[in-house]
Amino acid sequence: MIQQQSALTPQEILHGLSTRVLGQKIDCLSVTDSTNTEVKKLAESGAPDGSTVTAERQTGGKGRLGRVWDSPPTGGLYFTVLLRGKHLPEPLTNITLLAGLAVCTALRELFCVDARIKWPNDIVVDSKKICGILAEAGFENGRVSWAAVGIGINVNNTAFPEELAYRATSLLLETGKPQSRCTVLQQVLEKFEPLLEVGILPQAYTDLCISLDKQVSFTQNRQTFIGQARGITPDGELLVVLPDNSTVAVGSGEVVVQGIYGEKV
Ligand code: BTN
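Per UniProt numbering: the sequence shown = residues 1 to 265.
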């Protein structure tokens, strides 16, 4: 059954939003190709730190590693936050890990679901994906000038395309009832802002990371490695111990984790 949901509005979101910066300037679109693309345009025209764009649906939703983010108007929450200046962590790659932590803690606190982080920034419940995050950055004179952090959360989705169904879930499916996309958005922004202000990866990230102590596989320089994920560095890299006892720090790309999304290593 397709859930009817009311469109997000700036008034509804700003009502009771306790952030100082994030989401305080917000545009709510009915349709766009990608909220990340909208925010990039805003960034290039000088929009302020924290500017946020939501959309009811995206015709060209972008995922990590060049993938598509399926973005129908039936239950998903799609938004992108523009970050500048003091809200850009060092290294910048930690931005998506901090966003993942914000989503994970927001969902845990609001709905008591056992949300976990699959390194670096997929949020999973019950070994299925409930949220994906894609950050893009703009540079000026060789320095990062802004970042667009795009977040897609499966809130009231009741079904997924066949190829995703075995590996995706939603808040509705996990809690048994429709949830407010507005409340989810407000809580994520409220969790994200203080994390960005401190700017370092807290222990909570490691505590919630489901990839640790599991068999993982990853590819570097066209070679596939299998090992045991053992830790996260302060720069957000995944430490993997290989069978010969050497340790590799994985900084980017896809890491397959035994048992998550039903995958085998
Ligand atoms: C992934 O897990 O592959 C990342 C998915 C990111 C999806 C969000 S939805 C809002 C924003 N706009 C996009 O086009 N992508 C991100």
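Backbone N, C-alpha and C fix where the C-beta goes; we use that ideal spot for every residue, glycine too.
DSSP-derived helix/strand/coil call for Asn36: Counted from its first residue, the sequence shown places residue 36 at position 36. Reduced to three states, the DSSP call for Asn36 is helix.
Beta-ladder partner(s) of Cys209, from DSSP: If you number the sequence shown from 1, residue 209 lands on position 209. Looking at the DSSP assignment, Cys209 forms a beta bridge with Ile117.
Exposure label - Gln3; buried when at least 16 CB within 10 Å: Residue numbering aside, residue 3 sits at position 3 when the sequence shown is read from its first letter. Note that Gln3 scores 47 on pLDDT, short of 50, meaning its location in the model is unreliable; the coordinates nonetheless yield the value given after this. With fewer than 16 other Cβ atoms within 10 Å, it is exposed.
Per DSSP, cross-strand counterpart(s) of Cys28: The residue you call residue 28 lines up with position 28 of the sequence shown. Thr54.
Sequence-distant residues of its chain with Cβ nearer than 7 Å to Met1 (five each side left out): Taking the first residue of the sequence shown as position 1, residue 1 is located at position 1. Note that Met1 has pLDDT 46, beneath the 50 cutoff, so the model's placement of it is unreliable and no number is given.
Top-ranked residue by Cα proximity to Glu56, from Ile153, Thr175 and Leu92: In the sequence shown, counting from the first residue as 1, residue 56 sits at position 56. Ranking the options by Cα distance to Glu56, first place goes to Ile153.
Cβ neighbours of Ala135 in the same chain (closer than 6 Å, five flanking residues each side left out): Residue numbering aside, residue 135 sits at position 135 when the sequence shown is read from its first letter. So the qualifying residues of the chain are Ile95, Thr96, Ala147 and Val149.
Spatially closest choice to Asp213 from Leu83, Val257 and Ala204, by CA coordinates: In the sequence shown, residue 213 corresponds to position 213, counting from 1. Comparing Cα-Cα distances from Asp213 to each of Leu83, Val257 and Ala204, the minimum goes to Val257.
Selected residue, minimal CA-CA separation from Phe160, among Lys128, Ser145, Val103 and Lys118: Translated into positions along the sequence shown, residue 160 becomes position 160. Residue Lys128 is the option with its Cα nearest to Phe160.
Segments assigned beta strand (DSSP E), at least 3 residues, entirely inside the stretch 74-132: 76-83, 115-118 and 122-125
Distance cut-off 7 Å: Trp69 Cβ against heavy atoms of the ligand BTN: Here residue 69 corresponds to residue number 69 of the sequence shown, with the count starting at 1. Correct: Trp69 has its Cβ closer than 7 Å to the ligand BTN.
Inter-stretch contact (C-beta, 8 Å, three-pair minimum) for the stretch 11-18 and the stretch 107-121: no
Contact test: Arg167 Cβ vs the ligand BTN heavy atom, cutoff 7 Å: The residue you call residue 167 lines up with position 167 of the sequence shown. No; taking the cut-off as 7 Å, the Cβ of Arg167 has no heavy atom of the ligand BTN nearer than that.
Run of the beta strand (DSSP E) containing Gln223, from where it starts to where it stops: Here residue 223 refers to the residue found at position 223 when the sequence shown is read from its first residue. Counting along the chain, the beta strand (DSSP E) containing Gln223 begins and ends at Gln223 to Ile232.
Length of the line joining the Cα atoms of Tyr166 and Cys131: Looking up residue 166 in the sequence shown gives position 166. Looking up residue 131 in the sequence shown gives position 131. Rounded to the nearest angstrom, the two C-alpha atoms are 15 Å apart.
For Gln3, three-class secondary structure by DSSP: Looking up residue 3 in the sequence shown gives position 3. Any reading at Gln3 must be qualified, since the residue scores a pLDDT of 47, below 50, and its modelled position is unreliable; no value is offered.
Alpha-carbon spacing of Thr32 relative to Asp244, whole angstroms: Walking along the sequence shown from the start, residue 32 turns up at place 32. Walking along the sequence shown from the start, residue 244 turns up at place 244. About 49 Å.
Heavy atom of the ligand BTN within 7 Å of Thr74 beta-carbon: Here the question's residue 74 lines up with position 74 in the sequence shown. Not under cutoff, so the answer is no.
With 16 other Cβ atoms within 10 Å as the buried cut-off, status of Phe139: As a position in the sequence shown, residue 139 is number 139, starting the count at 1. Exposed is the call here.
Beta-carbon gap between Leu195 and Leu101 smaller than 8 Å: Position 195 of the sequence shown, counted from the first residue, corresponds to residue 195. Position 101 of the sequence shown, counted from the first residue, corresponds to residue 101. Yes, Cβ-Cβ distance for Leu195 and Leu101 is below 8 Å.
Of the residues Asn121, Lys41, Pro234 and Ser6, the one placed nearest Cys104, counting alpha carbons only: Reading the sequence shown from its first residue, position 104 is the one you call residue 104. Closest by alpha carbon: Asn121.
Nearest-angstrom beta carbon gap, Leu107 and Ile133 [assumed within contact, 8 Å]: Along the sequence shown, read from residue 1 onward, the residue named residue 133 stands at position 133. Along the sequence shown, read from residue 1 onward, the residue named residue 107 stands at position 107. Not a contact, Cβ separation roughly 13 Å.
Beta strand (DSSP E) runs wholly inside the stretch 137-164, at least 3 long, in chain order: 143-154
Rounded distance between the beta-carbons of Thr19 and Leu189, thought under 8 Å: In the sequence shown, the residue the question calls residue 189 occupies position 189. In the sequence shown, the residue the question calls residue 19 occupies position 19. Right, the Cβ-Cβ distance comes to about 5 Å (below 8 Å), so this counts as a contact.
Any non-hydrogen atom of the ligand BTN closer than 7 Å to Asn157 Cβ: For the purposes of this step, residue 157 is taken as residue 157 along the sequence shown, with counting starting at 1. No; taking the cut-off as 7 Å, the Cβ of Asn157 has no heavy atom of the ligand BTN nearer than that.
Of the residues Asp49, Arg64 and Gly60, the one placed nearest Ser71, counting alpha carbons only: The sequence position of residue 71 within the sequence shown is 71, counting from 1. Comparing Cα-Cα distances from Ser71 to each of Asp49, Arg64 and Gly60, the minimum goes to Gly60.
Contact test: Phe79 Cβ vs the ligand BTN heavy atom, cutoff 7 Å: Locating residue 79 in the sequence shown gives position 79, counting from the first residue. The answer is yes for Phe79.
Reduced DSSP category for Lys62 - H, G, I as helix; E, B as strand; rest coil: By one-based count along the sequence shown, residue 62 stands at place 62. Strand, per DSSP.
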